[in-house]
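Q: Going down the list, the sequences are from chains A, B and C.
Okay, so the first sequence: first residue is 1252 according to this note's numbering, each after it adds one.
Okay, so the second sequence: first residue is 366 according to this note's numbering, each after it adds one.
Okay, so the third sequence: first residue is 227 according to this note's numbering, each after it adds one.
Using N, Cα and C, we set each Cβ at its ideal position, and we do this for glycine too.
Please read all numbers here as calculations on a predicted model, not as lab measurements.
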Amino acid sequence: MLKNKLATLLIYLVAVLITVTFICILADIIIHGFSQISWGYLTESPSDAGRAGGIAPIIVSTALIVFLAIIIAAPLGLATAILLTEFAQQKTIFAGFVERCLDVLASVPSIVFGLFGNAFFSLYLGLGFSILSGGLTLACMVLPILIRTAVEGLRATPDDYRFSAAALGITRTTALVHLLLPTAMPAIVAGLILGIGRAMAETAALIFTSGYVDRMPDSVFDSGRSLSIHIYDLSMNVAGGDSKAHAAALVLIVMLLIINAISMGLAKHWQKNRIISNEIII
Amino acid sequence: MKQFSLFIILLLTLSISWGYFSENSDKSEVKKLVLTGSSTVAPLLAEIAKRFESLNPNVRIDVQTGGSSRGINDVRARVSDIGMASRSLRLSESELFSFNIALDGISIIVNNTNPVTSLDKQQIIDIYKGKIVNWQQLGGQDATIIVVNKAEGRSTLELFLHYFGLQNTELKPHVIIGDNQQGIKTVAGNPHAIGYVSVGSAEYEAGHQVAIKLLPLDGIIASVENVRNQTFPLSRPLNLITQQQPTGIIKDFIAYASSEQVADLIKSQYFVPVAH
Amino acid sequence: MSLSRTDQHLVVGLRLCALLVASIVLLVFLFLLTESWPILNHISWSRFFTDHSWHPVQGFYNITPMLSATLLTTLGALILATPLGIASALFSRYYAPSFVATWYRRLIELLAGIPSVVYGFWGLTTLAPLIANLHPPGVSLFTAILVLALMILPTIALTVEAALISVPNAYHSGAVALGMSRWSMIIAIVLPAAQSGIVSGIMLGASRAIGETMAVLMVAGNVVQHPHSVFDSVRTLTANIALEMAYAMGDHRAALFVSGLALMIMVLGFISLAELFKWKSSYA
């Protein structure tokens, strides 16, 4: 009984400790960053090496890099997940090989992706320092996350769905599109959010691929600085850049929060509608 | 209905983003310059480039950071049009063309609570070699000296080593830093640290309640002013490097970057414009 | 079950996509190898372990101090973050009142999304001076372990909680029927049932810790040495690449790709270890 009480006490202590530590970190960012944020900060270009002006081009570059990464990785990831769950029940050698590769890919450190992206996309394919190089590099990085969550989602769909579809003579493709994918949608969207979050927060993989230019990009072949690189540069390379670095960090965190909230809401809403209409069809 | 609206959203996103995916149709008129090199010079050149672009709407200038040697290497490999270097060309690089746009100095910094006010050349050498390990030996508090050094490949390190006649292999650092601000933050957060950084940024931070102070070198106060009048011994040129005698837009840009018109930008990045 | 014609087309498409995905890993290895080839070609690989220091500009390429630093920071962070992460997950699943649990989970989710640069920034400006008071120089193995532990804690907590949620309710009612205390139920029933989820959480945390670059670069001190105490400064393989890559040319650049290769081999080792563990626990 004493043990039970002691454990309860310890666990509460840990929770308080974690909460306090993290509130300290967040408060630090908010206190130093909030005063710097204004409408102008979000809509202007940086000037004086980032000490003055805003971060509009940097937000656009970040959005483009992340958008590219997701647009490239999502279809590939979904296709791989479908293959692994729906068409490879009897563990083929090929499926095993793909899964091994994914395990490795998931643990490749982001700086190694940076090295690879620099050597392959920027130099070998001649894309140079560009948003496209950065997006492609990040696409490689978020692929395993997307695949893993989609696989979980598809595996969690009840087999009854598959059996009923087969019994009705519906092709697997149709069953997938109308039944299984909508059911697995929350998991897929959760994976997308995780991927977007990881891509937005990435620094190491982008330094050598998307570059340093803080101008508004004209096309994806231009170099563009991401928010996290901007934070890094302001805090490590620009005298008097700290307060703006805090502000940029705050913007990044708020953006992540918004994306998180919107997509969660969307996923719930979507799933509810699709499942109901599908059940009527069946 | 749902699918239809989703389709519309997708279409809209695609059409908006299409602008970004297609290269501009009037691309032939837009000239692009690529600058790579020294991270010390990069923020300055990014500012100069922005002003140059606003005067010449059909020029786009990309500034990428790296190190001085990398910048020189890129120019040789024709990966970039202009290299940025925070040091002079070496003998082995004499086939290249160098244009001085500004000056910078390197200052020894310590925490501002440190009672030590000056160190001579030999003392600094002994500190970095690990022969003097306690501030007490230099008239300070009884505390271990925390030696802050720069990472390999940076020209600030090369200049520092050259000036004090040291080899990097014989140094005994406790902390190794990358860029300037990391050095300033490390020394500011550590009462017993010693490091060396760009004079301009150190002077700026020391004037903004950051807990560092600049030590004089050979009795000469480390300040932007003394770099300007060329009395400060450890100073360096900030240069633009090209592979050939510059022509056309490259020539225009270099002329602009070394003109009086950008003196205010150079000052606002805490460097010293070259005398005209 | 035979496949219809549409399905067969689909499968071909899917296979191609999967092949592309799988080939990325091979491409990564291929490029690491080709880029490090210039140096592996003309100096013996053993010099990366026997040279007397890492001074690539002067031609010394010992990477062992960085291997040990990477291992030590990762292990340290795991030792700190694993119990805390599990405790945190237990708190929000079994201890906290439901509205506290909801908010607590939101907080942890928010923390999982904070970019590593921000943790590094905070570590350099707030944590390092505090530790410098304790024992100079402040930026050290210890600081790096603390920052890394903070970073991977949310990852571990969230994964473990997901595993706890999937423990069947019947187990709980059984424990209640037996009159077990909350703690004995957790120790005897819940944790063993959630074991594989907990292990995968730890693995996720480990791979994040081993690969973390920017935060470590800012707080570890970056001196290439085998540390004598936890307050000595160290440089990890990842920080080495980020610190010197933009400045490196020729052999130096190739040597950094060798660091990348070494990092990948370590990661492979980790994965095999985890596989072995999984295999053992499923056949034990």
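How many Å lie between B/A622 and C/V343 at the Cα?
A: Counted from its first residue, the second sequence places residue 622 of chain B at position 257. Counted from its first residue, the third sequence places residue 343 of chain C at position 117. Answer to the nearest angstrom: the Cα atoms are 33 Å apart.
Q: Which complete alpha helix (DSSP H) runs does the stretch 1292-1358 of chain A hold, if anything under 4 residues is left out?
A: You should have 1307-1337 and 1344-1358.
Q: Would you mind telling me which residues of chain A sit closer than 8 Å to B/G543, beta carbon to beta carbon, in chain order?
A: Mapped onto the second sequence, residue 543 of chain B falls at position 178. Residues of chain A passing the Cβ test: M1487.
Q: How would you list, in chain order, the residues of chain B whose beta-carbon sits under 8 Å from the beta-carbon of C/R273?
A: Reading the third sequence from its first residue, position 47 is the one you call residue 273 of chain C. By Cβ distance, chain B contributes nothing, its closest Cβ being about 15 Å from C/R273, past 8 Å.
Q: Residues in the stretch 1432-1444 of chain A with C-beta within 7 Å of chain C's C-beta atoms, listed in sequence order?
A: Against chain C - using a Cβ distance shorter than 7 Å - the stretch 1432-1444 of chain A contributes no residues.
Q: Can you confirm whether A/V1360, when its beta carbon is compared against all beta carbons of chain C, has any partner nearer than 8 Å?
A: Counted from its first residue, the first sequence places residue 1360 of chain A at position 109. Here residue 1360 of chain A is Pro; the residue named in the question, Val, does not match the sequence. Chain C contact via Cβ: present.
Q: Under the rule that 16 or more other beta-carbon atoms within 10 Å means buried, what is A/M1467, buried or exposed?
A: One-based indexing of the first sequence puts residue 1467 of chain A at position 216. A/M1467 comes out exposed.
Q: Let me confirm a value: B/S390 is counted as buried when at least 16 other C-beta atoms fall within 10 Å, else exposed. Which label applies?
A: On the second sequence, residue 390 of chain B is found 25 positions in, with the first residue counted as 1. For B/S390, the predicted model reports a pLDDT of 44, less than 50, meaning its position is unreliable; a value from the coordinates is still stated below. Result: exposed.
Q: Counting pairs of Cβ atoms below 8 Å between the stretch 608-622 of chain B and the stretch 589-599 of chain B, do you hit three or more?
A: No: fewer than three Cβ pairs fall under 8 Å.
Q: Between A/I1274, A/A1390, A/A1401 and A/L1383, which lies nearest to A/T1336 when the distance is taken from Cα to Cα?
A: Position 85 of the first sequence, counted from the start, is the residue given in the question as residue 1336 of chain A. With distances taken between Cα atoms, A/T1336 lies closest to A/A1401.
Q: Please report whether the beta-carbon of A/A1258 lies at a distance below 8 Å from any beta-carbon of chain B.
A: Counted from its first residue, the first sequence places residue 1258 of chain A at position 7. Judged by the 8 Å Cβ criterion, A/A1258 is not in contact with chain B.
Q: Quick check on DSSP: helix, strand or coil for B/N389?
A: Taking the first residue of the second sequence as 1, we reach residue 389 of chain B at position 24. Unreliable placement is indicated for B/N389, whose pLDDT of 48 sits below 50; no coordinate value is reported for it.
Q: Per DSSP, which residues does C/F286 bridge with? Please list them.
A: Residue 286 of chain C sits at position 60 when you count from the first residue of the third sequence. Bridge partners of C/F286: C/H281.
Q: Could you pull the start and end residues of the alpha helix (DSSP H) that B/Q429 belongs to?
A: Stepping through the second sequence from its first residue, residue 429 of chain B is reached at position 64. Looking at the DSSP string, B/Q429 is not in any alpha helix (DSSP H); the run it does join, the beta strand (DSSP E), is V424 to G431.
Q: How big is the Cα-Cα spacing for C/M492 and C/T296?
A: Position 266 of the third sequence, counted from the first residue, corresponds to residue 492 of chain C. Position 70 of the third sequence, counted from the first residue, corresponds to residue 296 of chain C. Their backbone Cα atoms lie some 9 Å apart in a straight line.
Q: What is the C-beta distance between A/L1485 and A/G1368, in whole angstroms, given that I count them as a contact (C-beta under 8 Å)?
A: Position 234 of the first sequence holds residue 1485 of chain A. Position 117 of the first sequence holds residue 1368 of chain A. About 23 Å separates the two Cβ atoms, so there is no contact after all.
Q: Kindly list, in the order they appear in chain C, the residues whose Cβ is closer than 8 Å to that of B/T534.
A: Numbered from its first residue, the second sequence carries residue 534 of chain B at position 169. Within chain C, the residues near B/T534 are S279, H281, Q284 and F286.
Q: Looking at the unbroken beta strand (DSSP E) that takes in B/L605, where does it start and where does it end?
A: Walking along the second sequence from the start, residue 605 of chain B turns up at place 240. Segment S600 to T607, the beta strand (DSSP E) holding B/L605.
Q: Just the C-alpha distance for C/L316 and C/E387, rounded to the nearest angstrom, thanks.
A: For this step, residue 316 of chain C is matched to residue 90 along the third sequence. For this step, residue 387 of chain C is matched to residue 161 along the third sequence. Near 7 Å, if we compare the C-alpha coordinates of C/E387 and C/L316.
Q: Give a yes or no on contact between the stretch 1390-1401 of chain A and the stretch 1448-1467 of chain A, applying the rule of three or more CB pairs nearer than 8 Å.
A: The stretch 1390-1401 of chain A, when compared against the stretch 1448-1467 of chain A, does touch it at the 8 Å Cβ threshold.
Q: In chain order, which alpha helix (DSSP H) runs of at least 4 residues are fully inside the stretch 1450-1530 of chain A?
A: As far as the stretch 1450-1530 of chain A is concerned, its whole alpha helix (DSSP H) runs of at least 4 residues are 1455-1458 and 1478-1488.
Q: Determine the direct distance from the alpha carbon of C/A383 to that of C/R332, and round the result to whole angstroms.
A: For the purposes of this step, residue 332 of chain C is taken as residue 106 along the third sequence, with counting starting at 1. For the purposes of this step, residue 383 of chain C is taken as residue 157 along the third sequence, with counting starting at 1. One C-alpha to the other measures close to 12 Å.
Q: Taking Cβ positions, are B/I510 and B/I492 nearer each other than 8 Å?
A: As a working mapping, residue 510 of chain B is identified with position 145 in the second sequence. As a working mapping, residue 492 of chain B is identified with position 127 in the second sequence. Cβ distance < 8 Å, so B/I510 and B/I492 count as in contact.
Q: When you compare the CB positions of C/S455 and C/N448, do they come within less than 8 Å of one another, or not?
A: As a working mapping, residue 455 of chain C is identified with position 229 in the third sequence. As a working mapping, residue 448 of chain C is identified with position 222 in the third sequence. Not closer than 8 Å, so no.
Q: Under 8 Å, with one C-beta from each stretch per pair, do the stretch 1290-1301 of chain A and the stretch 1364-1382 of chain A reach the 3-pair mark?
A: With the cut-off at 8 Å, the stretch 1290-1301 of chain A and the stretch 1364-1382 of chain A do not touch.
Q: Since B/Q413 and B/V627 should fall inside the 8 Å C-beta cutoff, what is the C-beta to C-beta distance between them, to a whole number of angstroms?
A: Along the second sequence, read from residue 1 onward, the residue named residue 413 of chain B stands at position 48. Along the second sequence, read from residue 1 onward, the residue named residue 627 of chain B stands at position 262. A small fix is needed here, since residue 413 of chain B is Ile in this sequence, not Gln. Contact holds; Cβ gap of about 5 Å.
Q: Within its chain, find whatever has a CB closer than 6 Å to the CB of B/I606; leave out the 5 residues flanking it on each side and keep chain order.
A: One-based indexing of the second sequence puts residue 606 of chain B at position 241. So the qualifying residues of the chain are I437, V440, G448, A450, L461 and S463.
Q: Suppose the cutoff is 6 Å on Cβ atoms and the five residues either side in sequence are ignored; what does the same chain contact list for A/I1310 look like?
A: Residue numbering aside, residue 1310 of chain A sits at position 59 when the first sequence is read from its first letter. Answer for A/I1310: no residue qualifies.
Q: Can you tell me whether C/Y473 is helix, strand or coil according to DSSP?
A: Residue mapping note: residue 473 of chain C aligns to position 247 of the third sequence, counting from 1. Correct three-state label for C/Y473: helix.
Q: Looking at the structure shown, is A/V1363 part of a helix, part of a strand, or coil, going by DSSP?
A: Counted from its first residue, the first sequence places residue 1363 of chain A at position 112. A/V1363 falls in the helix class under three-state DSSP.
Q: Buried or exposed: where does C/M444 fall if 16 or more other Cβ atoms within 10 Å of its Cβ makes it buried?
A: Here residue 444 of chain C refers to the residue found at position 218 when the third sequence is read from its first residue. It counts as buried.
Q: Under 8 Å, Cβ to Cβ, is there at least one residue of chain C near B/G518?
A: Counting from one through the second sequence, the residue named residue 518 of chain B turns up at place 153. Yes, because at least one Cβ of chain C sits closer than 8 Å to the Cβ of B/G518.
Q: In terms of alpha-carbon separation, which member of B/S624, B/L630, B/Q634 and B/P581 lies closest to B/K486?
A: Residue 486 of chain B sits at position 121 when you count from the first residue of the second sequence. Of the candidates B/S624, B/L630, B/Q634 and B/P581, the one whose C-alpha sits nearest the C-alpha of B/K486 is B/P581.
Q: Of all the CB atoms in chain A, is at least one closer than 8 Å to the CB of B/Q547?
A: To locate residue 547 of chain B, count along the second sequence from 1; it is residue 182. With 8 Å as the cut-off, B/Q547 counts as an interface residue toward chain A.
Q: A/A1481 and A/I1280 look like a contact to me (Cβ under 8 Å); what is the Cβ gap, rounded to whole Å?
A: Reading the first sequence from its first residue, position 230 is the one you call residue 1481 of chain A. Reading the first sequence from its first residue, position 29 is the one you call residue 1280 of chain A. It should be noted that the sequence gives His, not Ala, for residue 1481 of chain A. Their Cβ separation, rounded to whole angstroms, is 15 Å, which puts A/H1481 and A/I1280 out of contact at 8 Å.
Q: What are the residues of the stretch 417-439 of chain B that lie near chain A, defined by any Cβ-Cβ distance shorter than 7 Å?
A: Listed by position, the residues of the stretch 417-439 of chain B near chain A (Cβ gap below 7 Å) are D427, V428, Q429 and T430.
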